[in-house]
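*Asks:* Dumping the structure here so I can ask a few things about it.
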Amino acid sequence: MEHLLSMEDLSNDEIFSLVKKASQFKSGEVNVPQYKDKFVANLFFENSTRTKCSFEVAEQKLGLNLVNFETSTSSVQKGESLYDTCKTLESIGVNLLVIRHSQNAYYEELNNLNIPIANGGDGSGQHPTQSLLDLMTIYEEYGKFEGLNVLICGDIKNSRVARSNFHSLKALGANVMFASPEEWVDDTIEASYVNIDDVINQVDIVMLLRVQHERHGITGKANFEAENYHQQYGLTRERYDKLKEEAIVMHPAPVNRGVEIESELVEAPKSRIFKQMENGMYLRMAVIDELLQ
Ligand code: CP
1 MEHLLSMEDL SNDEIFSLVK KASQFKSGEV NVPQYKDKFV ANLFFENSTR TKCSFEVAEQ
61 KLGLNLVNFE TSTSSVQKGE SLYDTCKTLE SIGVNLLVIR HSQNAYYEEL NNLNIPIANG
121 GDGSGQHPTQ SLLDLMTIYE EYGKFEGLNV LICGDIKNSR VARSNFHSLK ALGANVMFAS
181 PEEWVDDTIE ASYVNIDDVI NQVDIVMLLR VQHERHGITG KANFEAENYH QQYGLTRERY
241 DKLKEEAIVM HPAPVNRGVE IESELVEAPK SRIFKQMENG MYLRMAVIDE LLQ
């Protein structure tokens, strides 16, 4: 694997291989390779807690040397382009870049780099490590993807998680449905939109998405009514109680408690939200190991 940019670039075999490697790191059944002579830089042009910190932990477990790059104190503030920033890091000996950026497909301008890129999220485009950790979490639960009914609820249009997961889950044989307010329907994805209450008792996985206020503009944010949204598209206690016995609840987080999901359900027995975060660190170890081979 040269880079990890989009779930659309991965075959099912590559997905299974990454999930398997992450599971082996988690169970301790394989030795963790050490890349003590390699350097990595994490370039986060958008805020992050989970992706940035779990990449950092994964990198340190793999023995990598972390270059301290902060966009706020870098020469990006003097107008240096993304390409020149990345080419500079390559020139001074960095072996791997992890990048999060608000621009969709920012990596298309980085074709001339000779070091691997792990995409930590591009605008509303893709979030491949999130999708892979979600797949790992689902596979841990069910041991398969084929035939699973997955309901993804919320801000579909602005969600790189929805886009990444729709593609990979479909490719792996799951049945993916969306539920969303009309203004957040994404016409570029050929998916079935359903009424959450028509299917909530039939799904194996319900995945809530964060309402992405930062992508709605001032008017969209001002017109948003949290309680109304919660009642129509959120996971309420009433809906949770209708879920099948073995169904699980997922959310990429950060969670707007009381909006996408009732606060007390975040750590309810069916919730795998913190398990997703735990798996994310192992999955990112697997991705880095693959990119540095
Ligand atoms: N799920 C996710 O990408 O979280 P962060 O924005 O905190 O990285």
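Every letter in the sequence shown is one number past the one before it in full-length UniProt numbering, and letter 274, counting from 1, is 274. Backbone N, C-alpha and C fix where the C-beta goes; we use that ideal spot for every residue, glycine too.
Out of Leu132, Ser81, Phe178, Asn47, which has the shortest C-alpha to C-alpha gap to Asn12?
*Replies:* Leu132
*Asks:* Less than 6 Å between the CB of Ser48 and some heavy atom of the ligand CP, yes or no?
*Replies:* Because some heavy atom of the ligand CP lies under 6 Å away, the Cβ of Ser48 counts as near it: yes.
*Asks:* Output the distance between the C-alpha atoms of Asn149 and Met281, rounded to the nearest integer angstrom.
*Replies:* 26 Å
*Asks:* Can you list, in chain order, the residues of its chain whose CB lies under 6 Å from that of Glu141, leaving out five sequence neighbours each side?
*Replies:* Counting only Cβ-Cβ distances below 6 Å, and skipping sequence neighbours, we find Ile248.
*Asks:* Throw me the rounded Cβ distance for the Val40 and Asn95 pair, which I believe falls under 8 Å.
*Replies:* 7 Å
*Asks:* Kindly indicate the opening and closing residues of the beta strand (DSSP E) around Ala179.
*Replies:* From DSSP, the beta strand (DSSP E) with Ala179 extends over 175-179.
*Asks:* With distances taken Cα to Cα, identify the nearest neighbour of Val30 among Leu291, Ala286, Asn195.
*Replies:* Ala286
*Asks:* Assess contact between the segment 175-188 and the segment 154-161, defined as three or more Cβ pairs (one per stretch) separated by less than 8 Å. Is contact present?
*Replies:* yes
*Asks:* Specify the secondary structure class of Met1 as computed by DSSP and reduced to three states.
*Replies:* coil
*Asks:* What residue from Ile115, Lys20, Ile99, Lys52 has the CA that sits closest to Leu292's CA?
*Replies:* Ile115
*Asks:* Measuring alpha carbon to alpha carbon, tell me which of Val206, Val255, Asn256 ends up nearest Lys244.
*Replies:* Val206
*Asks:* Which residues does DSSP list as the beta-bridge partners of His101?
*Replies:* DSSP lists Asp122 as the beta-bridge partner residues of His101.
*Asks:* What is the DSSP secondary structure of Arg257, reduced to helix, strand or coil?
*Replies:* strand
*Asks:* For Asn65, I'd like the list of residues in its chain whose CB is within less than 6 Å of its CB, leaving aside the five on either flank, ordered along the chain.
*Replies:* Phe39
*Asks:* Return yes when at least one heavy atom of the ligand CP lies under 6 Å from the C-beta of Pro128, else no.
*Replies:* no
*Asks:* Out of Phe145, Tyr193, Asn158, Arg160, which one is the CA nearest neighbour of Lys170?
*Replies:* Ranking Phe145, Tyr193, Asn158, Arg160 by CA distance to the CA of Lys170 puts Phe145 first.
*Asks:* I'd like to know whether the C-beta atoms of Met136 and Val19 end up nearer to each other than 7 Å.
*Replies:* yes
*Asks:* What is the rounded straight-line gap between the Cα of Leu110 and the Cα of Ile218?
*Replies:* 32 Å
*Asks:* Ala174: buried (16+ other C-beta within 10 angstroms of its C-beta) or exposed?
*Replies:* buried
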